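In my numbering, the protein residues as written are 30 to 175.
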């Protein structure tokens with residue numbers, strides 16, 4: 030039984046909580062990916078270990094939880110590199126299709142709709158740690174060691 034077969038039995042709220050998208054959005058993504066998969070396999074090739082639905086679910090779990098490719102691959106029975114390639118294929122295919130693309134800057138400027146933008150400052154700050162060196166060592170501890 031594939032992971033998608035287990036997930037599709039969930040109610041709408043639980044499905045969205047797991048994947049980060051609504052079920053109808055998932056179905057639209059799945060249609061796009063299945064068409065691209067058929068086009069890719071039209072020339073032949075080795076069949077995939079996972080179904081297209083499982084590959085999409087894997088990519089959405091990666092984007093939702095941001096686990097490492099190694100952990101995602103272990104969950105789905107794939108190698109780390111195969112998980113990476115599958116997730117990149119999903120991302121690139123959905124971007125190329127354009128259905129889920131956001132409008133560009135020019136389209137936003139020409140539209141009559143007003144958008145409210147909220148910026149969150151997530152700058153990295155270095156952690157203050159003591160410097161290593163001879164001067165920072167406590168002499169009492171130094172004399173106790175032999």
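Think of the CB as a built atom: it goes at the ideal place given N, C-alpha and C, for glycine as much as any other residue.
It should be emphasised that the depicted structure is a prediction, and the values quoted were computed from it without experimental measurement.
Please classify residue i: does DSSP put it in a helix, a strand, or coil?
| i | result |
| --- | --- |
| residue 147 | coil |
| residue 131 | coil |
Is it buried or exposed for residue i, if we count other Cβ within 10 angstroms and need 16 for buried?
| i | result |
| --- | --- |
| residue 106 | exposed |
| residue 43 | exposed |
| residue 61 | buried |
| residue 138 | exposed |
| residue 48 | buried |
| residue 98 | buried |
| residue 91 | buried |
| residue 136 | exposed |
| residue 156 | exposed |
| residue 146 | exposed |
| residue 31 | exposed |
| residue 36 | buried |
| residue 124 | exposed |
| residue 68 | exposed |
| residue 81 | buried |
| residue 130 | exposed |
Let me check understanding here. Comparing Cα to Cα, which of the options lies closest to residue i?
| i | options | result |
| --- | --- | --- |
| residue 57 | 38, 39 and 119 | 119 |
| residue 83 | 66, 40 and 129 | 66 |
| residue 40 | 52, 30 and 32 | 52 |
| residue 45 | 161, 153 and 86 | 86 |
| residue 121 | 88, 72, 74 and 54 | 88 |
| residue 78 | 140, 112, 128 and 160 | 112 |
Would you mind reading off the limits of the alpha helix (DSSP H) that contains residue i?
| i | result |
| --- | --- |
| residue 48 | 41-48 |
| residue 35 | 32-36 |
| residue 54 | 52-70 |
| residue 93 | 81-94 |
| residue 102 | 98-105 |
| residue 110 | 109-126 |
Is residue i near the ligand SAH, with its Cβ less than 8 Å from a heavy atom?
| i | result |
| --- | --- |
| residue 58 | Ligands displayed in this structure: none; no statement on the ligand SAH is therefore possible. |
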